[in-house]
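Counting from 1, position 66 in the sequence shown corresponds to residue 141 in the numbering used here; the numbering is continuous, with no gaps. Don't be surprised by glycine CBs; every beta carbon is placed ideally from N, CA and C. Worksheet: one structure, shown below.
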Amino acid sequence: MGILEIEHIIPVSRGGTDGEHNLWLSCRLCNSHKATQIDAIDPETEQRVPLFNPRTQKWSEHFTWSHDSTHIVGRTPIGRATVIALQLNNKIALQVRQNWVEAGWHPPKDTIR
């Protein structure tokens with residue numbers, strides 16, 4: 076998970092641009108899960124919603140950390156759909172976060188409930 080890539084929030088193939096407003100850093104694994112998705116199904120409401128946009132939305136409004144700080148928990152339809160679509164709680168991410176928790180590096184202070 077240590078390698079970051081430049082991600083297109085809206086993929087070029089879906090009408091996005093290479094402008095800074097449409098670019099973000101993403102880990103390779105999350106970016107590969109996102110692929111060309113721009114929306115996904117919220118498992119709670121079963122409605123199609125846009126994926127989280129880190130350029131225009133605040134992380135803490137859509138997500139929180141599990142009690143042990145290893146799982147990302149969606150708080151809104153956008154958050155829940157994004158967690159599933161990008162597989163944010165995959166086995167590798169959970170192990171990395173557990174190691175970070177044990178080292179005292181996680182969760183980031185600005186995302187604590």
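Nearest to residue i (by Cα), restricted to the options the options
i    : options                : result
N174 : A115, D114, S107, D143 : D143
A156 : L98, S101, I113, L100  : I113
S101 : E121, E80, G94, I85    : E80
N128 : N165, S88, N97         : N97
S135 : I78, K184, H83         : K184
R123 : A160, I147, S141       : A160
G154 : H108, Q132, A168       : Q132
Residue range of the alpha helix (DSSP H) that includes residue i
i    : result
H83  : First-last for H83: 79-83, but that is the beta strand (DSSP E), not the alpha helix (DSSP H).
R103 : 103-109
G154 : 152-160
C-beta contact flag for residue i and residue j at 9 Å
i    : j    : result
L104 : Q162 : yes
P86  : A115 : no
G91  : I84  : yes
Residue i (DSSP reduced to helix, strand or coil)
i    : result
D114 : strand
R172 : helix
P125 : strand
Limits of the unbroken beta strand (DSSP E) element including residue i
i    : result
R130 : Neither: R130 is in no beta strand (DSSP E) and is coded neither H nor E.
G149 : 147-149
T139 : 138-140
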